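Q: Before I ask anything, here is the structure I am working with.
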Amino acid sequence: MTVYVDDMRRQILIEAVQWSHLFATTSEELHEFAARIGQKREWVEAEGTIREHYLLTEPERAAALAAGAVPLSYPRGVALLLTTKRRDARNQDREV
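Take the sequence shown: its letter number 49 is residue 1191 in the working numbering, and every next letter is one higher.
Dropping the structure here:
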C-alpha cells in the first residue's frame, strides 16, 4: 500500500493557490495518511471512486512528501495509478 502526491500544482485564479492531489492505493490508507498531515475527512473528493483524493496546497504537498508520500508525475503517473486501481477493482469484482 502506498500514498502518492502528484506534481500538478494547478493554479486556481480566484484563490491564487496551487493545488496538487493526494492519492493512495486504498481508501483506508488515504484517510489515515491524510489525517496524519492535518487533512479533515470531510475534505476528501470523489469519495468511494478510483479518483478519491485530497487537494493539497504547496505547503501541504511538502508535508505529505516529508511524511513519506511518493511523488507522482501529472498527468502520466496519475493516469497509470488510476488505470491500476481500475484494473484491481475489476479483478476484485470478478473474484466475488
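Note that the Cβ used here is the ideal one computed from N, Cα and C, for glycine as well.
Note that the structure is predicted; figures quoted are calculated from it, not measured.
#1: Counting Cβ pairs closer than 8 Å, one from the segment 1218–1225 and one from the segment 1171–1183, do we hit at least three?
#2: Run through the segment 1165–1224 for me and flag every whole alpha helix (DSSP H) of 4 or more residues, listed as ranges in chain order.
#3: Under the assumption that Thr1191 contacts Thr1167 (Cβ atoms under 8 Å), give the Cβ distance between them as a whole number of angstroms.
#4: Evaluate Val1147 with the Cβ neighbour count: other Cβ atoms within 10 Å of its Cβ, from every protein chain shown; 16 or more gives buried, anything less gives exposed.
#5: Would you kindly check if the distance between the Cβ of Leu1207 and the Cβ of Leu1164 is under 8 Å?
A: So, from the listed chains and residues:
#1: Judged by Cβ distances under 8 Å, the segment 1218–1225 makes no contact with the segment 1171–1183, as fewer than three pairs qualify.
#2: The qualifying runs are 1169–1178, 1200–1208.
#3: Within the sequence shown, the letter at position 49 stands for residue 1191. Within the sequence shown, the letter at position 25 stands for residue 1167. With a Cβ gap of about 14 Å, Thr1191 and Thr1167 do not count as contacting.
#4: The residue labelled residue 1147 in the question sits at position 5 within the sequence shown. Taking every protein chain shown into account, the CB of Val1147 has 16 or more other CB atoms within 10 angstroms, so this residue is buried.
#5: Against the sequence shown, residue 1164 aligns to sequence position 22. Against the sequence shown, residue 1207 aligns to sequence position 65. With respect to Leu1207, Leu1164 sits apart: the two C-beta atoms are not nearer than 8 Å.
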